[in-house]
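J.:
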């Protein structure tokens, strides 16, 4: 990577919900957070997943009408040489799919809407 016109070597890897950056003897952890409103924040029990960064859709695990469980992978996108997996935060059904395999998307682009099941419970999975 290049910082202030100076090239540096660093390693990046993902562990659970964290992005770990190792540079020399230093290690930095970036905690991944949800980019979806929760039911409490949005006033309903649906969730809309937004692209966390600009990138390309690498893998789609769901289609409209599919049932999903909290924690289930919805899609994998790649941006800035980092793979990011969007996961369902609640049990429900895929109501909208606004992207396709190979699509390039901008940050904050609505990607997937999950309509909650009546008996779902919210979790903090990202």
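Residue numbers (our numbering): 1356 to 1481. Think of the CB as a built atom: it goes at the ideal place given N, C-alpha and C, for glycine as much as any other residue.
1) Tell me the rounded alpha-carbon separation between residue 1457 and residue 1367.
2) Count the other CB atoms, across all protein chains shown, that sit within 10 Å of the CB of residue 1449; report buried if there are 16 or more and exposed otherwise.
3) What's the C-alpha gap between residue 1408 and residue 1460?
4) In the stretch 1421-1459, which residue ranges form an unbroken beta strand (DSSP E) of at least 3 residues, counting only runs that do not cross its ends?
5) With a threshold of 16 other CB atoms inside 10 Å of the CB of residue 1359, please say whether the residue is buried or exposed.
6) Which word fits residue 1446, buried or exposed, when buried means at least 16 other C-beta atoms lie within 10 angstroms of its C-beta?
7) In this structure, how does DSSP classify residue 1382 when only helix, strand and coil are distinguished?
8) Mapping the DSSP letters down to three states, classify residue 1363 as helix, strand or coil.
9) Taking just the CA atoms, how far does residue 1419 sit from residue 1379?
10) Within a Cβ cutoff of 6 Å, which residues of the same chain sit near residue 1441, ignoring the five residues on either side of it in sequence?
11) Hey, could you find the ends of the beta strand (DSSP E) residue 1404 is sitting in?
T.: Result, derived from the coordinates:
1) Locating residue 1457 in the chain shown gives position 102, counting from the first residue. Locating residue 1367 in the chain shown gives position 12, counting from the first residue. Approximately 23 Å between the Cα atoms of the pair.
2) Residue 1449 sits at position 94 when you count from the first residue of the chain shown. The residue in question, residue 1449, is buried, as its Cβ has 16 or more Cβ neighbours within 10 Å.
3) For this step, residue 1408 is matched to residue 53 along the chain shown. For this step, residue 1460 is matched to residue 105 along the chain shown. Just so you know, the alpha carbons of residue 1408 and residue 1460 end up roughly 8 Å apart.
4) 1428-1434, 1437-1442 and 1447-1452
5) As a working mapping, residue 1359 is identified with position 4 in the chain shown. Burial call: exposed.
6) Translated into positions along the chain shown, residue 1446 becomes position 91. Residue 1446 should be labelled buried.
7) What you label residue 1382 is simply residue 27 of the chain shown in a count that begins at 1. If DSSP states are grouped into helix, strand and coil, residue 1382 belongs with the strands.
8) As a first step, residue 1363 is located in the chain shown; it is residue number 8 there, counting from the start. Three-state result, residue 1363: coil.
9) Looking up residue 1379 in the chain shown gives position 24. Looking up residue 1419 in the chain shown gives position 64. Going from the Cα of residue 1379 to the Cα of residue 1419 covers about 45 Å.
10) Along the chain shown, one-based indexing puts residue 1441 at 86. Once the five neighbours on either side are set aside, the close Cβ partners of residue 1441 are 1404, 1429 and 1430.
11) Walking along the chain shown from the start, residue 1404 turns up at place 49. That run of the beta strand (DSSP E) goes 1402-1405.
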